[in-house]
Every structure is written in C-alpha cells, then in structure tokens.
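>
2 protein chains.
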Amino acid sequence: MRKNGIFMLFFLLSLMLTAGTKKISTVNDELSSWSNTKVKKEIISYINEITDKNSLYFIPEDERFAVFDNDGTLWAEKPVPEEMFIIYYAEKMVRKNPKLKNSMPFNKIKDFYENGKFVIKDRMLFDEIVGITHRGMTKDEFRKTAEEFFREVKYPKGDVPMSKIVYQPQLELMNYLRKNGFKVYICSGGETEFMRAISKEYYGIPEEQVIGSELVFEYDENNNTMTRNSKLYTDNNGKAKANNTLYRLGRPAVFAVGNVGSGGDIYMLRYSQASKYKSFQLLINHDDEKREFLYNEKNGISLKWAEKYNWNVVSMKDDWKQIFPGQVFSN
Amino acid sequence: MRKNGIFMLFFLLSLMLTAGTKKISTVNDELSSWSNTKVKKEIISYINEITDKNSLYFIPEDERFAVFDNDGTLWAEKPVPEEMFIIYYAEKMVRKNPKLKNSMPFNKIKDFYENGKFVIKDRMLFDEIVGITHRGMTKDEFRKTAEEFFREVKYPKGDVPMSKIVYQPQLELMNYLRKNGFKVYICSGGETEFMRAISKEYYGIPEEQVIGSELVFEYDENNNTMTRNSKLYTDNNGKAKANNTLYRLGRPAVFAVGNVGSGGDIYMLRYSQASKYKSFQLLINHDDEKREFLYNEKNGISLKWAEKYNWNVVSMKDDWKQIFPGQVFSN
Numbered sequence: 041m042r043k044n045g046i047f048m049l050f051f052l053l054s055l056m057l058t059a060g061t062k063k064i065s066t067v068n069d070e071l072s073s074w075s076n077t078k079v080k081k082e083i084i085s086y087i088n089e090i091t092d093k094n095s096l097y098f099i100p101e102d103e104r105f106a107v108f109d110n111d112g113t114l115w116a117e118k119p120v121p122e123e124m125f126i127i128y129y130a131e132k133m134v135r136k137n138p139k140l141k142n143s144m145p146f147n148k149i150k151d152f153y154e155n156g157k158f159v160i161k162d163r164m165l166f167d168e169i170v171g172i173t174h175r176g177m178t179k180d181e182f183r184k185t186a187e188e189f190f191r192e193v194k195y196p197k198g199d200v201p202m203s204k205i206v207y208q209p210q211l212e213l214m215n216y217l218r219k220n221g222f223k224v225y226i227c228s229g230g231e232t233e234f235m236r237a238i239s240k241e242y243y244g245i246p247e248e249q250v251i252g253s254e255l256v257f258e259y260d261e262n263n264n265t266m267t268r269n270s271k272l273y274t275d276n277n278g279k280a281k282a283n284n285t286l287y288r289l290g291r292p293a294v295f296a297v298g299n300v301g302s303g304g305d306i307y308m309l310r311y312s313q314a315s316k317y318k319s320f321q322l323l324i325n326h327d328d329e330k331r332e333f334l335y336n337e338k339n340g341i342s343l344k345w346a347e348k349y350n351w352n353v354v355s356m357k358d359d360w361k362q363i364f365p366g367q368v369f370s371n
Numbered sequence: 041m042r043k044n045g046i047f048m049l050f051f052l053l054s055l056m057l058t059a060g061t062k063k064i065s066t067v068n069d070e071l072s073s074w075s076n077t078k079v080k081k082e083i084i085s086y087i088n089e090i091t092d093k094n095s096l097y098f099i100p101e102d103e104r105f106a107v108f109d110n111d112g113t114l115w116a117e118k119p120v121p122e123e124m125f126i127i128y129y130a131e132k133m134v135r136k137n138p139k140l141k142n143s144m145p146f147n148k149i150k151d152f153y154e155n156g157k158f159v160i161k162d163r164m165l166f167d168e169i170v171g172i173t174h175r176g177m178t179k180d181e182f183r184k185t186a187e188e189f190f191r192e193v194k195y196p197k198g199d200v201p202m203s204k205i206v207y208q209p210q211l212e213l214m215n216y217l218r219k220n221g222f223k224v225y226i227c228s229g230g231e232t233e234f235m236r237a238i239s240k241e242y243y244g245i246p247e248e249q250v251i252g253s254e255l256v257f258e259y260d261e262n263n264n265t266m267t268r269n270s271k272l273y274t275d276n277n278g279k280a281k282a283n284n285t286l287y288r289l290g291r292p293a294v295f296a297v298g299n300v301g302s303g304g305d306i307y308m309l310r311y312s313q314a315s316k317y318k319s320f321q322l323l324i325n326h327d328d329e330k331r332e333f334l335y336n337e338k339n340g341i342s343l344k345w346a347e348k349y350n351w352n353v354v355s356m357k358d359d360w361k362q363i364f365p366g367q368v369f370s371n
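Residue numbers (this note's numbering), protein chains in the order written: chain A, 41 to 371; chain B, 41 to 371.
See below:
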C-alpha cells in the first residue's frame, strides 16, 4: 500500500511535470533559439496580453503590425549585403566589358579591398558606383541582377550563402508574431527593390510589406516600363522610418525592432510608442564577438534612447542561444 | 409507359434547368447589381480563368492585386466629397471663431455656391482653403475632423448620408474579388488620410491598402506626434498612380478600375498591363443622367486609350442594374 502510494505520488508528480514541461516546450518550440532570459519572457508576456480578449491591453487582429529593420536586425551587416552587391555588380560590368577597367570609377574598385576585406574608405567614390549599379535600368533588369547576386555570392565572414546570414531567433520571432495575427513588415534603409528580391524567400515577408529607400522611377506608357532614375524618392533612414511607417500603414506599428549600429532605427522605435495600443520595442545589441560581431555607436544614442523610453535590449551574446541557421560563423 | 416516359423527360429536364439556374444564380448573387451584359461576363470569365489551377492564365493567390480609383469609380464625384469637406471645414472654423468671417479667404466662401450648388470657380482661392483645412494639424486632429464630416454632412444630390453615394455594383465587385483571393487597394488622387477615415467602413478596405496623395509630415519625437506640413509628398494623379502602385505593391496590379472624367486613371490602368500575368482593366463611363450623372472628358482620352489598349468599358446606364444602395438619387 505504502509502496503503491509512493508510486502514485511519483505518477502524479510526473504527470504534473510533463504538463508543465509541455507548456514551456511549446513556447520553446516557437522561440527555441532565444535563451530563457528576461527579454524572451517580456515578448511572450506582451503577446499573451495583447491577444487575450479579456485583457485591458487587447489589440484587435487587424491592428497588429510589426516593423523590423533589416541590416543588423534581420541579417548581418558587416559588410552590408547591399554594399557587397554594388561592388559585385561593378566588377561584373568590367568582366562583360573589359575596356571599362581603366576608366573611372571602375579603375578604383580595388580600393574597396584591404587585406582581402571589403571596406568603404571613399564614400563619394562609392556613391558614384551606386549610381552606376542602381540607376538607369528598368525595374525588371535590376531585379534580375539582384537575384543573380543572391544566387552567386557568398558572405565573406563564414563564406556562406547569403541566406545563411539571417538571424535564426528573428525568423522564429516573425513566425511567432504571424501566428498571433501580426502583419510583419520590413522598414529599412536598404533599397526596396533590392530587399524585395529575397524578402519572401528569406523572411516570409511579401513584397508589398517591404518599406525601404526608393528611387524615382520614370514611367514609359508606350513600352510599359519603369526605369530607375538618379533621384531618390525617399531615403528611409532616421525620421523617414517613422514617416514611411505612417504612409504605408496609416498608423504606428505596435511592435518595432531595430539595432544598435548607426542610430538609424531610433525614430522608428520611438514612433511605435505613439500607438493608441500598448506597444513593444526591441533593440538588438551586437555584443557577440565570438558568434557574430562586436560593435557599437560613437554616440551610443540607441542605447540611451532604449533606457530613456523603456525599450527591451537584446544582448546577442546572452539572449540568443543560436544566431545563424547552422551556427555558421563561429570563430 | 409513354406517359411515364414523358414525366421522366420533364423530370430530367427540370433537374438540368435547376442545376443550370443554380449555377447562374450563384454568380448573380455575387454581382447582382450588374446587368447580364458583356462586361459582367468578361469579369466572371477572367476570374474563372486566373483562379483555375489548370488554366494557362492561373495567377498564384499572393499575386492577385486589384487597384480601384475612388472619386467617380467607387463613389459619386459631382461634387467630389473631399472638396465638400474643405468648404465644410472652413465654414466650421468661422462658426467657432466668427471674427474670421471678414478676413481672407473666409469672406469668399460664399463664392463657392451658385444657386445653392457647390462650384469651384476660383481654383487658387480654393487651394488657399485647402491649405487651411488640410495642413498644420496633427494626423489625429485631422482624422477627427474628417470623421466628423462623414457623420454630419449629406450629399447635395439626393440629400443622403455620404455612405449612400458609393456604387453598389463596385461593392459587389470588390467582395467578389476578395472571395477569389484578391487584395483590394484604393489608388486615388484623394488625400490618403481623408480616405482612410472611411475606407474600411464604406469599402472593406483596410487603411494600409489605401494609396493616395500625401502631405509631408513633421515628426516630433518628444511629443510623438506627426504634424501635416504644407508640402505635398506625392500627388497621386496621372503617372504617379502607376509609380505609387509599384512603390506600394512591388509589381503592377492585375486588376485595375478607373473612370472617365479627368483622364487621371489612364496610367494606372495602362500600368496594370505591364504585369507578367493576364490582367484586366475596367473603365467606368458616367452616361446615366437619370440615375447618376452624365459627363465626359474634353479630350476623351480615357475612352481613346480604352479602345487602343483593349480595356473593358462600363456603361453605368446599361451595365449596372442598380447604382446606389437603395437607388438614392433617382431624378
């Protein structure tokens, strides 16, 4: 009897533990690359709160919008993939037409390498190459070139395909948000059409949910083509990220994610706090020299605003169990 | 036996007829305000074609985008509701602050009425009032005023609430498109925030799917407000409707609907023909003096392009059984 009683106790305990584990592991399954630290708990508790119809903070499903910066927030930015694309494309032009090799600015391409590493020392020269690689072609021509780049090129650190430099925890977070009724947008300084080449494949974000920098297009109704002009229509950095959120969504997003690096995301995160609903801000801090990169901002403004405005900061080192799909760059 | 044979024949015939009727009546239920003319058949046959997985012209669901102009395409435009709003708001300012009555441009408001009818004779004066009614306030303040307008004001012709000047056949068409996997957008010259005040309630179109003219907003991160500036960010008319379709959707829409009136929709309709998929264009012609209005364009460009580029033209008189919910303006 006593033996049986102990068995029963163990049986009940194991049932309780299984039930408990099950609940935790469901959560872990969805955000399994996130360590069980404060940030992960804050995310889950926010989502539980705003999706619960009986909560004071309930948000109707058609008001659930999330905006994510791209460079340094969804994928690595040392170097920035679009900057790699620009040099890749200029080099490709030289291969196709070797005469270019000795003319400006193509004769200077080699200056973008230092000990085999890609570095932009001369910003004006770089902008000249941006002009050549981004402008004057039709939308479809540019798209083809961007797709080629993503197929052909590997990321210098780790020598991996570009699809492997996205952050695994962010893929999980975006899926988790979508499962909870969110529409997830990119809001990045990158050029919109460049990001649209991979937004669906890499992030599950449809092209109409990409907000980025835009060139003016010239529309020719006879040939029915859109040609990329040399003027910028919008430079989606700084305050423009707040403005373009409003233009595109009609209201602030309630969930906003950016990163420490250029300070370019602070207005986007701040503007999400103008929502009439309870909002959530997440700032990614690149403090993991071993598994990714270690860098900061000169003036530290992003972290200052995080403290001032009560944003959640992700330490890549402590809060992310795994950084890349397949842990690609471990040094 | 013979009698039974005839009965059986009748029975089979009635079964076939019922089946046939059922099929047609389902279609009629969805587009019941459309007459059974060529245009309706073309719409249905297009939708059947592009939603059929075995068809050469199948379009994947996430590529099904429709753009609708607003003024004269989704609701009446004689007068244009936003122009009514502008005068309504200026009059309201005078009521609140009677001193304004004798100062420019408020002392000229009466010039916008001729025999009790609203007419814009002085475009420059009107633009001055646009400045006063559209600019300098925050996004939220403007929104409140627009919502007030839609609650308080009636449309001059028919003296009906503003929700009754929408075209019933278009409500059915938008629903029919949505049921077939389309995302339906407005793409109109109207100011985006003005349209957003009613897009969901009147048309079932969420605010993020409204493309319109936009003012520049000044973002103040301390108060977290967006203030409407005096500069235009985009004037969404003519070619801009093609460009803004590209900015917002990332590709041409496959289904585009505009109207004869200003010629402002021709580039939007034409650009939809740049899609890599089979596309459909619909141009609404205001030829129904009795139930709506009769008007045309000076140069007739919309109808010329419709012929040149093979667009479908809707005669409101012949192709629409009913124009308004409740047939409000019958003269």
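We put the CB at the ideal spot given by N, CA and C, even for glycine.
Span of the alpha helix (DSSP H) holding N283 of chain A?
K279 to L289
> Given that L71 of chain A touches chain B, what residues does it touch there, using C-beta distances under 7 Å?
Within 7 Å Cβ-Cβ: nothing; L71 of chain A doesn't reach chain B, min ~26 Å.
> Would the region 314 to 334 of chain B count as touching the region 281 to 299 of chain B if we require 3 or more Cβ pairs under 8 Å?
With the cut-off at 8 Å, the region 314 to 334 of chain B and the region 281 to 299 of chain B touch.
> Output the distance between the C-alpha atoms of S73 of chain B and G244 of chain A, rounded to the nearest integer angstrom.
39 Å
> Which residue wins for smallest C-alpha separation from L213 of chain A, given the options A:L114, A:N339 and A:Y317?
Its Cα nearest to that of L213 of chain A, the residue A:L114 stands out among A:L114, A:N339 and A:Y317.
> Quick check: is the beta carbon of F257 of chain A nearer than 8 Å to any beta carbon in chain B?
yes
> Counting only beta-carbon atoms, is Y317 of chain B nearer than 8 Å to chain A?
no
> Find the residues of chain A that neighbour R291 of chain B, judging by a C-beta separation of less than 8 Å, and give them in chain order.
E247
> Judging by CA-CA distance, which residue of B:K204, B:E261 and B:N215 is the nearest neighbour of I238 of chain B?
The candidate whose alpha carbon is nearest that of I238 of chain B is B:K204.
> To the nearest angstrom, how far is the alpha carbon of Y97 of chain B from that of Y317 of chain B?
If I take the Cα positions, the gap works out to 7 Å.
> Under 8 Å, with one C-beta from each stretch per pair, do the region 87 to 107 of chain A and the region 152 to 166 of chain A reach the 3-pair mark?
no
> Take Y311 of chain B and list the residues in its own chain whose beta-carbon comes closer than 7 Å to its own, dropping the five residues that flank it on each side.
A282, T285 and P292
> Within 10 angstroms of the Cβ of M164 of chain A, are there 16 or more other Cβ atoms? Answer buried if so, exposed if not.
Under this definition M164 of chain A is an exposed residue.
> Step through the CB atoms of chain B and report whether any lies within less than 8 Å of the CB of R268 of chain A.
no
> Hey, would you say I169 of chain A sits closer than 8 Å to I126 of chain A, going by beta carbons?
The answer is yes: Cβ separation under 8 Å.
> Can you pull the chain B neighbours of L286 of chain A, defined as C-beta to C-beta under 8 Å?
Per Cβ cutoff of 8 Å: K179, F257 and M266.
> Under 8 Å by Cβ, that's how I've got G221 of chain A and E248 of chain B pegged, so tell me the actual separation to the nearest angstrom.
Rounded, the Cβ-Cβ distance is 14 Å, inconsistent with contact.
> Mind reading off the beta-carbon distance from A106 of chain A to L217 of chain A? Whole number of angstroms is fine, and I expect it under 8 Å.
5 Å
> Taking any Cβ of chain A, which residues in the region 291 to 313 of chain B have a Cβ under 9 Å from it, in chain order?
R291, P292, I306, Y307, R310, Y311 and Q313
> Closer than 8 Å by beta-carbon distance: list the chain A residues that pair up with R236 of chain B, in chain order.
G290
> For N352 of chain B, name the three-state secondary structure that DSSP assigns.
Strand.
> Can you grab the Cα-Cα spacing for the pair I87 of chain A / V79 of chain A, in whole Å?
12 Å
> Consult DSSP for Q313 of chain A and reduce its assignment to one of helix, strand or coil.
Looking at Q313 of chain A - three-state DSSP - the assignment turns out to be coil, as it is neither helix nor strand.
> Is it true that the region 194 to 208 of chain A meets the region 131 to 150 of chain A, where meeting means three or more beta-carbon pairs spaced less than 8 Å apart?
As far as the Cβ criterion goes, the region 194 to 208 of chain A does not touch the region 131 to 150 of chain A, which means the pair count is below three.
> Under a three-way DSSP split, which group does P201 of chain B fall into?
strand
> Per DSSP, R195 of chain A is paired with what?
Before going further, note that residue 195 of chain A is Tyr rather than Arg in the sequence given. Paired residues: A:V200.
> So K279 of chain A contacts chain B; which residues on that side make the cut at Cβ distance below 7 Å?
Y259
> Work out the CA separation of L211 of chain B and N352 of chain B for me, nearest whole Å.
N352 of chain B and L211 of chain B have their C-alpha atoms some 18 Å from each other.
> For a contact meaning CB atoms closer than 7 Å, what does D102 of chain B contact in chain A?
P246
> Determine which residues of the region 122 to 139 of chain A have a Cβ less than 8 Å from any Cβ of chain B, and write them out in chain order.
none
> Pull the bridge partners of V297 of chain B from the DSSP assignment, please.
According to DSSP, which records beta bridges pairwise, V297 of chain B is partnered with B:F108 and B:L322.
> With respect to the beta strand (DSSP E) encompassing S85 of chain B, which residues constitute its N-terminal and C-terminal limits?
Unbroken run through S85 of chain B is the alpha helix (DSSP H), K78 to T91; no beta strand (DSSP E).
> Check Y207 of chain A in the structure and name its three-state DSSP category.
In this structure, Y207 of chain A counts as coil in the three-state DSSP scheme.
> For S315 of chain A and R104 of chain A, I'd like the C-alpha separation in whole angstroms.
11 Å
> Within its chain, find whatever has a CB closer than 6 Å to the CB of R288 of chain B; leave out the 5 residues flanking it on each side and keep chain order.
I251
> What distance in whole Å lies between the Cβ atoms of F182 of chain B and R268 of chain B, which are believed to be in contact at a cut-off of 8 Å?
Sure, about 6 Å apart at Cβ, within 8 Å.
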